[in-house]
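Residue numbers (our numbering): 34 to 249.
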């Protein structure tokens with residue numbers, strides 16, 4: 034109890050409560066506007082499943098297109114998140130820092146705005162679950178209230194729109210598309226130079242060696 038007699042606010046302590054709290058982070062209007070976005074053919078949309086290397090890939094792409102600029106507090110300030118941009122006061126149609134624009138997303142192939150170029154990163158679902166649980170604990174649910182085992186059961190036993198299986202399968206089926214670059218988190222860890230060169234060649238083969246080294 035607080036000194037004023039009112040109960041202190043708590044984070045959710047159940048999986049259902051956590052999901053309800055997370056749903057409030059993105060308004061229906063904001064999501065609708067994001068899904069209605071029409072990108073340019075030169076745009077790059079980085080769209081892995083959550084906790085699969087999204088921020089890392091945003092940093093790589095932004096570093097390649099700017100020669101290593103770090104003039105931001107948080108990477109999504111300069112590589113906007115499509116689903117959250119409107120709620121964060123960002124204009125998806127605005128000019129960015131380089132000749133091609135870059136965006137973040139967690140959308141699967143069925144929902145992602147079409148017409149751009151896409152980079153997706155695949156990560157072992159067990160590692161995704163552990164990373165996601167650690168990230169959300171103490172933020173969207175109370176510490177110790179949802180065990181990793183319960184979290185895993187709920188995430189894996191209740192697949193549906195937006196789940197890891199749907200997302201991964203949707204992008205896996207895009208094999209052979211010239212506008213989709215597929216990477217793995219394991220390769221980003223074991224062969225970062227090779228990944229950076231592959232990303233650079235995908236977005237602009239003319240990116241010079243200096244920018245590629247800086248992005249490393």
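By construction, the Cβ of each residue, glycine as well, lies at the ideal position given by its N, Cα and C atoms. Keep in mind that this is a model prediction, so the values were computed, not measured.
Item: Inter-residue CB distance, residue 228 and residue 97 (contact presumed, cutoff 8 Å); Value: So it is not a contact: roughly 11 Å between Cβ atoms.
Item: is_contact[residue 244, chain B] using C-beta, thresh 8 Å; Value: The displayed structure is made up of one protein chain only, and chain B is not part of it.
Item: Separation of residue 170 from residue 160, as counted between CA atoms; Value: 16 Å
Item: Counted within 10 angstroms of its Cβ, other Cβ atoms place residue 84 as buried (16 or more) or exposed; Value: buried
Item: Residues of its chain near residue 104, where Cβ-Cβ distance is below 7 Å and the 5 sequence neighbours each way are ignored; Value: none
Item: Per DSSP, cross-strand counterpart(s) of residue 136; Value: 78
Item: Continuous alpha helix (DSSP H) stretch holding residue 115: start and end; Value: From DSSP, residue 115 is part of no alpha helix (DSSP H); its letter is neither H nor E.
Item: Three-state class that DSSP yields for residue 93 in the structure shown; Value: helix
Item: Extent of the continuous alpha helix (DSSP H) run through residue 213; Value: Taken as a continuous stretch (DSSP letters only), residue 213 belongs to no alpha helix (DSSP H), being part of the beta strand (DSSP E) at 213–217.
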